[in-house]
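Data block below; observations after.
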Amino acid sequence: MTTKSMKTGTILRIASLLAALQYGAHASLFLLAAWRHGPGKLAAIAASRSHSYWDFYFGYGLLAILSGLIEVVFLWQLASLAEVNAERIRPMVTLFIFANFAHAFLVWNYFSLLVPVAFDILIATLLSYAFVMARRRDVQSIARSKVEDSLHSQSKT
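Just so we're aligned: 178 in the numbering used here is position 29 of the sequence shown, and the numbers increase by one with no gaps anywhere.
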């Protein structure tokens with residue numbers, strides 16, 4: 150395992166931990182807010198037996214928590230893959246760079262919440278750095294192996 154691949158893995162793990170913090174905060178704030186509506190409102194919603202606006206709002210919040218958990222686990226797994234072959238994770242990292250920037254835009258546009266936007270931008274920036282580091286590692290490693298091959302072939306002659 151090279152230093153560059155460990156560095157890429159470390160960056161992805163940091164991004165994963167930041168995503169865990171972000172979505173953990175979202176989950177706790179969302180779930181705490183959900184129960185502040187009091188037993189009267191919750192009973193009225195339960196008695197209606199149809200999907201209300203609240204049902205959709207609550208369901209969407211749970212889906213956002215689930216997608217955050219998926220991002221956390223996936224980035225952590227990518228970190229392990231980066232230690233073996235960083236170049237192969239680049240397309241997946243690209244997807245999460247885009248997803249975090251898009252999420253930041255949507256959160257700012259519809260909710261104007263600075264903290265989640267800041268986390269999304271920080272995570273996307275770390276992922277961008279990991280993307281660049283994954284490429285550099287492979288370029289350097291290819292260059293190094295070409296030099297080693299050249300030296301090896303010269304020593305045979």
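The beta carbon of each residue, even a glycine, is placed where N, CA and C say it ideally should be.
Residues of its chain near residue i, where Cβ-Cβ distance is below 7 Å and the 5 sequence neighbours each way are ignored
| i | result |
| --- | --- |
| residue 213 | 175 |
| residue 177 | none |
| residue 218 | 172 |
Residue nearest to residue i in terms of C-alpha spacing, selected from the options
| i | options | result |
| --- | --- | --- |
| residue 275 | 246, 219, 227 and 229 | 246 |
| residue 166 | 269, 203, 241 and 252 | 269 |
| residue 284 | 254, 172, 253 and 236 | 236 |
| residue 241 | 253, 252, 255 and 226 | 226 |
| residue 105 | 250, 229 and 207 | This structure cannot settle anything about residue 105, because the visible part of the chain is limited to 150 through 306. |
Residues of its chain near residue i, where Cβ-Cβ distance is below 6 Å and the 5 sequence neighbours each way are ignored
| i | result |
| --- | --- |
| residue 221 | 165, 168 and 169 |
| residue 171 | 268 |
| residue 157 | 231, 235, 279, 282 and 283 |
| residue 273 | 246, 249 and 250 |
| residue 252 | 269 |
Inter-residue CB distance, residue i and residue j (contact presumed, cutoff 8 Å)
| i | j | result |
| --- | --- | --- |
| residue 257 | residue 266 | 5 Å |
| residue 210 | residue 179 | 4 Å |
| residue 134 | residue 181 | Because the chain spans 150 through 306 in this model, residue 134 falls outside it and cannot be assessed. |
Run of the alpha helix (DSSP H) containing residue i, from where it starts to where it stops
| i | result |
| --- | --- |
| residue 237 | Here residue 237 belongs to no alpha helix (DSSP H), and DSSP marks it neither H nor E. |
Chain C within 8 Å of residue i, Cβ atoms only
| i | result |
| --- | --- |
| residue 226 | Protein chains in the displayed structure number just one, and chain C is not present. |
Chain-order list of residues whose beta-carbon lies under 8 Å from that of residue i (same chain, five-residue window excluded)
| i | result |
| --- | --- |
| residue 163 | 275 |
| residue 239 | 280, 283 and 284 |
| residue 229 | 158 |
| residue 262 | 256 |
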